[in-house]
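Student:
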Amino acid sequence: MNMTMPIQTPQRAFAVGAPILELDSISLRFGGVKALTNISFNVLEHEIRAIIGPNGAGKSSMLNVINGVYVPQEGSIRFQGERLAAMTPTRAARMGIARTFQNIALFRGMSVLDNIMAGRTLHMHANFLEVAFRLPRARREETEAREKAEEIIEFLEIEHIRKTPVARLPYGLKKRVELGRALAAEPRILLLDEPMAGMNVEEKQDMCRFIIDVNDHYGTTIVLIEHDMGVVMDLSDRVVVLDYGKKIGDGTPAEVRANQDVINAYLGVAH
Amino acid sequence: MFYREAGQFHTSYAQDTQLFPLRQDRVGMAITLLAAFALPAVANDYWLSAILIPWLILALVALGQNILMGYAGQLSLGSAGFMAVGAFACYNFILRIDGIPFVLAVLLSGVCAAIIGIVFGLPSLRIRGLYLAVATLASQFFIVWALDKFGWFKNYDTSGVITTQPIIIFGHNFATPAEKYWVVLVIVAVLTLLAKNLARGSVGRAWMAVRDMDVAAEVMGLSLLRTKLQAFAISSFYCGVGGALFAFAYLQTVEPSAFTIDLSFRILFMVIIGGLGTIMGSFLGAAFILLIPVFLNIVFHAAFGHHVDSTLTSALEQVIFGATIIAFLILEPLGLARLWQLTKERLRLWPFSH
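Residue numbers (our numbering), protein chains in the order written: chain F, 161 to 431; chain Y, 86 to 439.
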């Protein structure tokens with residue numbers, strides 16, 4: 161897919177709606193190191209929200225706070241207006257938050273199909289006895305999981321590597337499989353940690369297209385971290401800019417681009 | 086294999102996810118099972134009771150160890166301890182509960198082992214890798230010690246040894262080697278099928294997810310606690326059932342010291358040589374560890390039986406056995422099951438190389 165295309169389709173299947181996720185005055189410290197200081201922003205349903213910033217700005221920490229890997233010392237998270245005391249990874253998953261990782265975190269001993277089916281953990285309710293004896297519920301869930309996985313495989317155009325062990329795949333495809341595994345959970349919010357890091361231009365274009373398609377086709381709200389400014393500006397509805405753990409900008413790509421603090425952070429400033 | 090999937094189309098996912106999607110594999114498996122049942126017709130008692138029965142039983146235990154180590158990625162060194170639990174639990178169930186069916190007693194022994202497995206699996210939530218292996222060693226020593234220390238487990242037998250009761254199923258006494266072999270074969274075959282179903286279903290995927298990348302597994306909603314303890318429980322269940330069969334169908338006079346760390350290591354080797362994370366590897370590995378010494382013994386006996394001192398030949402056997410293990414691990418670190426798979430893939434293309 162190396163064509164130039166208008167990336168943002170004017171007519172969206174799912175119009176951007178009310179805030180689904182609200183972060184209020186989040187502060188996170190590791191000992192004396194302040195990773196995040198007093199950060200507030202929200203994510204609207206069905207939008208593509210980007211988090212950008214220089215290295216070490218706290219972007220990944222922000223994602224880790226959202227899905228409960230890190231617990232912030234201060235601040236609160238609201239999901240659909242409901243205030244959550246402490247988020248845990250399992251709880252986040254149950255609320256419909258899925259994610260991919262900056263360094264690929266696939267299950268390397270398993271095939272592409274198994275990886276994607278494993279992503280449906282929360283939709284599998286049969287207990288081990290039902291699975292061992294292949295009782296009706298286990299069989300039905302297995303077939304459902306397979307159907308859903310095949311739908312995602314088709315969506316991401318990876319039919320040809322369906323049964324390949326993921327360890328054998330090239331980097332770009334691994335990233336795509338990881339996206340597929342996150343999609344298998346049928347998430348409401350998808351957190352993507354540098355989905356395009358280390359990719360060539362063509363792979364980036366493919367990945368952009370898939371992200372937009374996911375947003376358009378499933379209506380999934382997307383929060384993504386990205387370094388490539390061109391990609392961020394084309395892809396996202398709104399952008400949060402972090403620098404040294406503080407929020408220095410928030411708004412549409414055009415607003416953020418015009419923000420003096422952001423320009424300073426990215427281009428440096430004469431003292 | 087010499088056959089290919091050409092012409093066999095699956096039109097539903099249910100068809101595609103069956104155990105043996107290829108007709109040839111189904112026929113092959115049916116023939117293998119039939120042959121296994123018919124085997125006592127040609128095998129003599131020595132082969133049945135000294136080789137086939139222990140092979141099947143130890144393959145079952147290796148399968149249990151493989152569930153924990155190969156699928157769930159939790160290094161454990163306690164398999165012989167859990168076998169001991171199974172063996173003594175089965176003895177006590179039959180001794181103390183009048184008229185309990187043998188198969189039920191065996192299954193309950195597995196459950197006992199599973200419960201103890203869960204207890205000794207708890208450290209896995211905090212520690213991993215070699216450290217976990219060391220922690221599970223505690224179970225090995227503790228169980229054997231407890232069985233030795235408390236006479237109740239052995240019904241206060243003064244010799245410290247128990248003699249297992251006869252295997253009676255539906256009123257029939259399974260006493261001859263062939264009959265015992267059938268009992269073991271049926272139990273092992275059924276449990277293997279169940280293990281295969283677990284491994285290829287959602288449970289197996291959860292185990293492998295925890296093994297390969299626990300952070301990602303947790304983020305997608307898997308409970309690490311539940312998944313790991315479940316693996317410990319099911320693995321110990323298999324070890325326990327294996328232990329009960331080991332006692333009743335093979336040893337018959339049992340003392341706790343039959344289940345030492347030595348046996349645990351042998352089972353560990355079976356799993357590693359057979360292939361981590363494969364069902365078939367457990368059987369191949371058990372065969373390898375059991376049969377190579379027997380084979381070497383026969384060869385050496387035939388070669389220098391009367392000319393060389395027997396202590397020398399038995400030492401030589403050990404040396405060659407060790408060397409074979411090393412050679413195999415260098416040749417194929419992923420085990421015999423992988424070797425078998427590669428052979429199949431090559432045969433599929435034969436006589437062409439691509």
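Just so you know, even glycine gets a beta-carbon here, dropped at the ideal spot from N, CA and C.
For F:Pro249, would you say it is in contact with chain Y, using Cβ-to-Cβ distances shorter than 7 Å as the test?
Tutor: At least one chain Y Cβ lies under 7 Å of F:Pro249.
Student: Heavy atom of the ligand GDP less than 6 Å from the Cβ of F:Ala418, yes or no?
Tutor: The ligand GDP is absent from the structure shown, which contains no ligands of any kind.
Student: Closest Cβ-Cβ distance between Y:Asp299 and chain F: below 7 Å?
Tutor: It does not; no Cβ of chain F falls within 7 Å.
Student: Locate the beta strand (DSSP E) running through F:Ser185, then write down its first and last residues.
Tutor: 179-190 is the extent of the beta strand (DSSP E) around F:Ser185.
Student: So, is the C-beta of F:Thr324 closer than 7 Å to a C-beta in chain Y?
Tutor: Not one chain Y Cβ lies under 7 Å of F:Thr324.
Student: Whose Cβ in chain Y lies nearer than 7 Å to the Cβ of F:Leu282?
Tutor: By Cβ distance, chain Y contributes Gly306.
Student: Go to Y:Ser499, then tell me how far its beta strand (DSSP E) extends in each direction, as first and last residue.
Tutor: Residue 499 of chain Y lies beyond the range of chain Y shown here (86 to 439); nothing can be said about it.
Student: For Y:Ile319, go through chain F and note every residue whose CB falls closer than 8 Å to its CB, in chain order.
Tutor: Correct list: Phe288.
Student: With a threshold of 7 Å between beta carbons, is F:Phe315 in contact with chain Y?
Tutor: Judged by the 7 Å Cβ criterion, F:Phe315 is not in contact with chain Y.
Student: What does the alpha-carbon distance come out to for the pair F:Gln240 and F:Arg300?
Tutor: Approximately 32 Å between the Cα atoms of the pair.
Student: Under 7 Å between C-beta atoms, does Y:Arg213 make it to chain F?
Tutor: Not one chain F Cβ lies under 7 Å of Y:Arg213.
Student: Below 8 Å, can you find three or more Cβ-Cβ pairs linking the segment 188-204 of chain Y to the segment 359-376 of chain Y?
Tutor: Touching, no, given that fewer than three Cβ pairs across the two stretches are closer than 8 Å.
Student: Can we say the segment 331-340 of chain F touches the segment 350-364 of chain F, given the rule of at least three CB pairs closer than 8 Å?
Tutor: Yes: the two stretches touch, three or more of their Cβ pairs being nearer than 8 Å.
Student: Does F:Met222 get closer than 7 Å to chain Y when you measure Cβ to Cβ?
Tutor: Taking Cβ atoms only, chain Y never reaches closer than 7 Å to F:Met222, which makes this a no.
Student: Under 7 Å, do F:Gly218 and F:Ser185 count as touching if we go by C-beta distance?
Tutor: Cβ distance not < 7 Å, so F:Gly218 and F:Ser185 don't count as in contact.
Student: Using only alpha-carbon positions, find the residue among Y:Thr221, Y:Val379, Y:Arg285, Y:Phe178 that is nearest to Y:Ile252.
Tutor: Closest by alpha carbon: Y:Phe178.
Student: Could you pull the start and end residues of the beta strand (DSSP E) that F:Arg341 belongs to?
Tutor: Note, F:Arg341: premise wrong, no beta strand (DSSP E); alpha helix (DSSP H) at 331-344.
Student: Look up Y:Ala135 in the DSSP assignment and say whether it is helix, strand or coil.
Tutor: If DSSP states are grouped into helix, strand and coil, Y:Ala135 belongs with the helices.
Student: Work out the CA separation of F:Met277 and F:Ile312 for me, nearest whole Å.
Tutor: Straight-line Cα distance between these residues: approximately 10 Å.
Student: Could you tell me how far apart the beta carbons of F:Thr380 and Y:Tyr98 are, in whole angstroms, since I believe they sit closer than 8 Å?
Tutor: Going by Cβ atoms, the distance from F:Thr380 to Y:Tyr98 rounds to 24 Å, so no, they are not a contact pair.
Student: Throw me the rounded Cβ distance for the Y:Gly214 and Y:Leu160 pair, which I believe falls under 8 Å.
Tutor: About 6 Å; that satisfies the 8 Å criterion.
Student: List, in order along the chain, the chain F residues whose C-beta lies closer than 9 Å to that of Y:Asn282?
Tutor: In chain order: Val291, Ala292, Phe293, Arg294, Ala298.
Student: Cutting at 6 Å between CB atoms, please list the residues of its own chain near Y:Asn258, excluding the five before and the five after it.
Tutor: Closer than 6 Å at Cβ, skipping near neighbours: Pro251.
Student: Can you give, in chain order, each stretch of the alpha helix (DSSP H) that sits fully within the segment 201-278 of chain Y and has at least 4 residues?
Tutor: With a minimum length of 4 residues, the continuous alpha helix (DSSP H) runs that stay inside the segment 201-278 of chain Y are 215-234.
Student: Mind checking if Y:Arg431 is an interface residue toward chain F, Cβ cutoff 7 Å exclusive?
Tutor: Not closer than 7 Å to any Cβ of chain F, the Cβ of Y:Arg431 fails to qualify, so no.
Student: State the beta-bridge partners of F:Gly411 as determined by DSSP.
Tutor: Its beta-bridge partners are F:Val399.
Student: How should Y:His95 be labelled, buried or exposed, when 16 other C-beta atoms within 10 angstroms of its C-beta is the threshold for buried?
Tutor: That one is exposed.
Student: Which bits of chain Y does F:Val303 rub up against, with CB to CB less than 9 Å?
Tutor: Looking at the sequence itself, residue 303 of chain F is Thr, so the reference to Val does not match. In chain order: Ser97, Tyr98, Ala99, Thr102.
Student: Given that a residue counts as buried once 16 or more other Cβ atoms are within 10 Å of its Cβ, and exposed if not, what is Y:Ser367?
Tutor: Looking at its Cβ environment, which holds 16 or more other Cβ atoms inside 10 Å, Y:Ser367 is buried.
Student: For the beta strand (DSSP E) containing F:Leu202, name the first residue and the last one.
Tutor: First, the amino acid is wrong: residue 202 of chain F is Asn here, not Leu. Per DSSP, F:Asn202 belongs to the beta strand (DSSP E) from 193-204.
Student: Which term fits Y:Leu162, buried or exposed, when burial requires 16 or more other beta carbons within 10 angstroms of its beta carbon?
Tutor: The residue in question, Y:Leu162, is buried, as its Cβ has 16 or more Cβ neighbours within 10 Å.
Student: Kindly list, in the order they appear in chain Y, the residues whose Cβ is closer than 9 Å to that of F:Asn227.
Tutor: Chain Y residues near F:Asn227: Val304.
Student: Would F:Phe239 count as contacting chain Y if we go by Cβ distances under 7 Å?
Tutor: It does not: the Cβ of F:Phe239 has no partner Cβ on chain Y nearer than 7 Å.
Student: Quick test of the definition: if touching needs 3 or more C-beta pairs under 8 Å, does the segment 338-353 of chain F touch the segment 378-392 of chain F?
Tutor: The segment 338-353 of chain F vs the segment 378-392 of chain F: in contact.
Student: Under 7 Å between beta-carbons, which chain F residues line up against Y:Gly286? List them in chain order, please.
Tutor: The contacting residues are Val291, Ala298, Glu302.
Student: When the cut-off is 7 Å and only beta carbons count, does F:Gly269 lie next to chain Y?
Tutor: F:Gly269 counts as touching chain Y.
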